[in-house]
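Step one of this worksheet: look at the structure below.
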Amino acid sequence: MAGSETNDELVADLLDGNHRALARVITKIENRTPGYRELVSALHEHTGNAEVIGITGSPGSGKSTLVDRMAEHYRSEGFTVGIIGIDPSSPFTGGAVLGDRIRMSSTTGDMDVFFRSMSARGSLGGLSTATADAVKALDAFGKDRVVIETVGAGQNEIDIVKTADTVCVLVPPGSGDDVQMLKAGILEIGDLFVVNKADLEGSDRTVMELREMIDGRADRLSSLDAGHHARDGPSASDDTAGRDTTGTHDGETSGETSAAVVREDGTDEHGTLSESEPGSGSENRVTASPTSSPRSTTTAASCRSRVGSNARSGTGTQRRSGRYCARTRVRWSNGRSPPEADSTRSSTE
Amino acid sequence: MSTGQSQRPIRCLVAKVGLDGHDRGAHVIARAFRDAGFEVIYSGLHKSPDEIVQAAVQEDVDVLGISILSGAHNTLVPKIVGGLEEYDAFEDTLIILGGIIPEEDRPALEDQGVGAIFGPGASMDEAVTFVRENAPERA
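Top line first, the protein sequences correspond to chains A and B.
For what it's worth, the numbering used here labels the leading residue of the first sequence as 66, then goes sequentially.
For what it's worth, the numbering used here labels the leading residue of the second sequence as 254, then goes sequentially.
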């Protein structure tokens, strides 16, 4: 029976909402089974509705846990979710232990969260060769949000930027000194930076270093007019439309300056989040979430408009607005909102 | 991994079901399967039969290895088998069982579709060879 279905039947079943067909299609894509290209072609016309979010960061930085919370949050908003979690494969045997699924505890039993583990199968860029096509399958299936969790990334695993609309980079505190922040690679591709495990010592410094890095990025871009995956799209705000017109990949959401630092403790100088008590939940309490379906209002897009305007103003006085922009969209996974984030934002501008 | 392109790796879900926190065996077998070149998805502890079925379907595994040391196999295994049937996934999934399974319970479990049962003392080679020889062929 299974395995003998024709591609047409599989596509029809997939579009019909059959989970097994979706799983089987991804398997065929992953194995490059003869005929898989036709399969992807047939699915292609049904794609384009999902928003693709990439989560990357070093091993143990909390990617899986964040993905779990994001899935929970998306479900609470009524979105269906597809997740692809990629883990490394053995260079010796080709085998792999895929453990990303273990953290998916918030949405257990909910079939509208489709989680698929993938082995990198020898690929070194943080994704597997089949990931982009597997995303298409999830998209065609009708998933509103597709989250890709990369292999635990060091400095150079940046394939995610070609596949995801929004790239979120997790940086745990104490990831090296500020010279690390000067380096090319993974820190260049982030639309959003999350300092996870912010209850650990050194998170303030990490946030500060990231902020400096982002400021430098904005300055550079204001003069160079080029970005890692910039393009001009419908989501560009008045502020920035027309400024970044270099379409370097087909992602719908740009964000060369759309980075923001979010964190959860209450120790910053404005005390915006000081009412929240640390230690009230799991370690991963910050969830950065693009909250609404039209791309024009994703976190990345709206942050870009703010940071973009800062870059234009050329002073440091308003640079913080990018951060608050992101912070207002931070949803707390324990169910609380950051206290008065909105009012703080307006008052500091 | 130059050979992996033409020959697909066997995908295997190593599952812990029910209130059973003994996962050393599951870890050891996951490692052994990895070293044998399989892609192993580990479910994590304390999963319900429904979650295991969901994982097996979504991951499209060839092999479902269930580890039970709690004595609840006569309750849990039928639920998983039933769930797989519901999703049309039972026929082409090889189910193997590991843990403490008394001799007298084995025939009934095998009748329900369990391909093999590996108890204490079973060797890694034995399990790996069995999976290699019996994993369903798929397109």
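Every residue gets a Cβ at the ideal spot worked out from N, C-alpha and C, and that includes glycine.
Determine, using beta carbons only, whether residue i and residue j come nearer to each other than 8 Å.
i, j, result
"residue 345/B", "residue 88/A", "no"
"residue 340/B", "residue 316/B", "no"
"residue 218/A", "residue 122/A", "yes"
"residue 80/A", "residue 90/A", "no"
"residue 166/A", "residue 294/B", "yes"
"residue 57/A", "residue 222/A", "The structure shown has nothing for residue 57/A, since chain A only spans 66 to 414."
"residue 205/A", "residue 111/A", "yes"
"residue 374/B", "residue 349/B", "no"
"residue 213/A", "residue 119/A", "yes"
"residue 384/B", "residue 320/B", "no"
"residue 228/A", "residue 194/A", "no"
"residue 106/A", "residue 152/A", "no"
"residue 94/A", "residue 224/A", "no"
"residue 109/A", "residue 208/A", "no"
"residue 387/B", "residue 347/B", "yes"
"residue 220/A", "residue 248/A", "yes"
"residue 260/A", "residue 268/A", "yes"
Less than 7 Å between C-beta atoms, sequence neighbours within five positions excluded: which residues of the same chain meet that for residue i?
i, result
"residue 68/A", "Reliability of the predicted coordinates at residue 68/A is poor, the pLDDT of 47 falling under 50, and the value obtained from them is presented with this limitation in mind. Hits under 7 Å: none found."
"residue 86/A", "75, 78 and 79"
"residue 155/A", "161"
Start and end of the beta strand (DSSP E) containing residue i?
i, result
"residue 424/B", "No answer is possible for residue 424/B: it lies beyond the span of chain B, which begins at 254 and ends at 392."
"residue 252/B", "Only positions 254 to 392 of chain B appear in the structure, and residue 252/B is not among them; the question remains open."
"residue 152/A", "146–152"
"residue 95/A", "Where residue 95/A is concerned, there is no enclosing beta strand (DSSP E), although the alpha helix (DSSP H) it sits in stretches over 84–96."
"residue 391/B", "Where residue 391/B is concerned, there is no enclosing beta strand (DSSP E), given that its DSSP letter is neither H nor E."
"residue 161/A", "161–163"
"residue 210/A", "210–214"
"residue 312/B", "Premise fails: residue 312/B lies in the alpha helix (DSSP H), 302–312, not in any beta strand (DSSP E)."
"residue 178/A", "178–184"
"residue 231/A", "231–235"
"residue 348/B", "347–352"
"residue 294/B", "292–295"
"residue 259/A", "257–259"
Could you check how far apart the C-beta atoms of residue i and residue j are, in whole angstroms? I think they sit under 8 Å.
i, j, result
"residue 322/B", "residue 275/B", "5 Å"
"residue 303/B", "residue 174/A", "5 Å"
"residue 309/B", "residue 342/B", "6 Å"
"residue 287/B", "residue 162/A", "5 Å"
"residue 211/A", "residue 147/A", "5 Å"
"residue 269/B", "residue 296/B", "6 Å"
"residue 181/A", "residue 149/A", "5 Å"
"residue 159/A", "residue 262/B", "6 Å"
"residue 278/A", "residue 257/A", "The pair is not a contact, with the Cβ atoms about 13 Å apart (cut-off 8 Å)."
Kindly indicate the opening and closing residues of the alpha helix (DSSP H) around residue i.
i, result
"residue 106/A", "101–109"
"residue 284/B", "277–288"
"residue 333/B", "326–339"
"residue 116/A", "Premise fails: residue 116/A lies in the beta strand (DSSP E), 116–122, not in any alpha helix (DSSP H)."
"residue 79/A", "72–80"
"residue 320/B", "Unbroken run through residue 320/B is the beta strand (DSSP E), 316–321; no alpha helix (DSSP H)."
"residue 206/A", "196–206"
"residue 135/A", "128–141"
"residue 227/A", "225–228"
If I measure Cβ to Cβ from residue i and keep anything under 6 Å in the same chain, skipping five residues before and after, which residues do I get?
i, result
"residue 289/A", "Because the pLDDT at residue 289/A is just 42, under 50, the model does not fix this residue reliably, and the point stays unresolved."
"residue 381/B", "289"
"residue 264/B", "292, 314 and 315"
"residue 347/A", "Residue confidence is low: residue 347/A scores 38 on pLDDT, short of 50, so the model does not pin down where it sits. No coordinate-derived value is stated."
"residue 391/B", "none"
"residue 170/A", "none"
Confirm the yes/no value for this check: CB of residue i, any heavy atom of the ligand ZN, distance under 7 Å.
i, result
"residue 153/A", "Although the ligand ZN was asked about, the structure shown includes no ligands whatsoever."
Excluding the 5 residues flanking residue i on each side, which residues of the same chain have their C-beta closer than 8 Å to its C-beta?
i, result
"residue 372/B", "351, 352, 353 and 354"
"residue 168/A", "129, 130, 132 and 133"
"residue 240/A", "123 and 271"
"residue 73/A", "107"
"residue 370/B", "349, 350, 351, 354, 359, 362 and 363"
"residue 172/A", "133, 136, 137, 140, 146 and 178"
"residue 82/A", "206 and 207"
"residue 299/B", "269, 271, 272, 273 and 274"
In chain E, what lies closer than 7 Å to residue i by C-beta?
i, result
"residue 89/A", "Here the protein chains are A and B, and chain E is not one of them."
task = Mind the definition here: the region 230–249 of chain A touches the region 139–147 of chain A only if three or more C-beta pairs lie below 8 Å; say whether that holds.
result = no
message = Could you check whether the region 365–382 of chain B touches the region 320–336 of chain B, counting it as contact only if at least three pairs of C-beta atoms, one from each stretch, sit closer than 8 Å?
response = yes
message = Does the contact criterion of 3 or more C-beta pairs under 8 Å hold for the region 185–200 of chain A versus the region 123–133 of chain A?
response = By the Cβ rule, the region 185–200 of chain A does not count as touching the region 123–133 of chain A, because fewer than three pairs are nearer than 8 Å.
query = Are at least three pairs of beta-carbons, each pair with one atom in the region 122–129 of chain A and one in the region 99–109 of chain A, less than 8 Å apart?
reply = no
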